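Numbering (this note's numbering), first residue to last: 23 to 285. Positions of the beta carbon are idealized from the N, C-alpha and C atoms, including for glycine. Quick caveat: nothing in here was measured; it's all calculated off a predicted structure. First the structure, in the form of structure tokens, and then the observations on it.
Structure, rendered in structure tokens:
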């Protein structure tokens with residue numbers, strides 16, 4: 023459907039060139055789909071990927087007010103139509119965008135009718151099984167498949183994206199699936215200029231989502247990379263030793279979950 027303005031997922035564009043036009047089109051589309059589903063006794067499920075990134079783009083390309091309208095309108099659709107369900111996903115937290123909007127006096131709670139669910143890495147047994155299926159699917163040779171799959175799960179910290187990348191690299195390089203080759207592949211991919219693991223986007227998004235707090239974030243990541251901080255209080259102590267002028271109440275304000283963890 024064409025709404026004009028910014029294209030989202032190749033399906034529609036927000037906001038419309040005519041103020042509010044996208045709301046009418048989206049409302050009609052949802053109502054039509056719900057009406058069709060009701061006839062079959064089913065509910066309509068919208069899967070929205072990278073919604074935080076979409077909202078941040080709308081905020082930066084248009085303005086905060088338009089991003090607020092999108093959030094409020096999506097909530098209104100959920101509240102109005104009992105047959106509509108939404109799953110909103112993204113590689114960064116929605117709270118980053120909401121925080122920037124609240125700086126512009128946005129006081130609504132547009133997702134308080136939805137459950138917030140973290141998507142953790144796979145359980146080790148599932149990561150091992152994924153590695154096994156990928157190895158078999160790529161017809162990779164392995165003198166000890168159990169050892170190889172365990173090594174892949176361990177090196178990837180059970181993240182499926184990295185499991186897939188390790189097996190793909192073994193295939194491309196014509197290597198057998200062995201713990202030694204897995205370690206070799208990971209060591210080379212971590213410093214590969216082509217960034218096959220797409221690690222650079224984490225650094226690129228820090229200034230985008232943390233803005234004035236990015237120096238604090240870099241300090242946190244540096245400490246976690248070289249130390250084993252077993253508690254938030256211990257990490258805070260490390261950070262204060264590194265940069266006492268920048269770590270303190272302002273840091274805790276930037277990461278409100280810390281106070282909840284330590285109390």
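- Distance from the Cα of residue 52 is smallest, within the candidate group 105, 84, 72 and 135, for 105.
- Here the alpha carbon of residue 199 sits roughly 49 Å from the alpha carbon of residue 131.
- Check the Cα spacing between residue 154 and each of 190, 221 and 257: the tightest is with 190.
- The C-alpha of residue 116 is placed about 16 Å away from the C-alpha of residue 126.
- DSSP places residue 66 within a strand segment (E or B) once states are collapsed to three.
- Only residues of its own chain outside the window of five on either side were considered, and among them 178 and 219 have a CB closer than 7 Å to the CB of residue 184, listed in chain order.
- Comparing alpha carbon positions, the residue from 83, 77, 102 and 103 closest to residue 92 is 77.
- Beta-bridge pairing by DSSP links residue 108 to 68.
- DSSP places residue 223 in the helix class (H, G or I) of the three-state scheme.
- Ranked by how close their Cα comes to the Cα of residue 124, the residues 86, 226 and 152 have 86 in first place.
- Apart from sequence neighbours up to five positions away, the residues of its chain that approach residue 73 with a beta-carbon distance below 6 Å are 110 and 112, ordered along the chain.
- Per DSSP, residue 187 is one residue of the alpha helix (DSSP H) stretching across 182 to 194.
- In this structure, the alpha-carbon of residue 145 lies about 35 Å from that of residue 262.
- When secondary structure is reduced to three states using DSSP, residue 145 falls in the coil class, being assigned neither helix nor strand.
- Excluding the 5 residues flanking it on each side, residue 171 has same chain C-beta neighbours closer than 6 Å at 150, 153 and 154, in chain order.
- The Cβ neighbour count for residue 107, taken over all protein chains shown within 10 Å, is under 16; the residue is labelled exposed.
- Burial is judged here by how many other beta carbons sit within 10 angstroms of a residue's own beta carbon; residue 187 has at least 16 and is buried.
- Per DSSP, reduced to three states, the secondary structure at residue 82 is helical.
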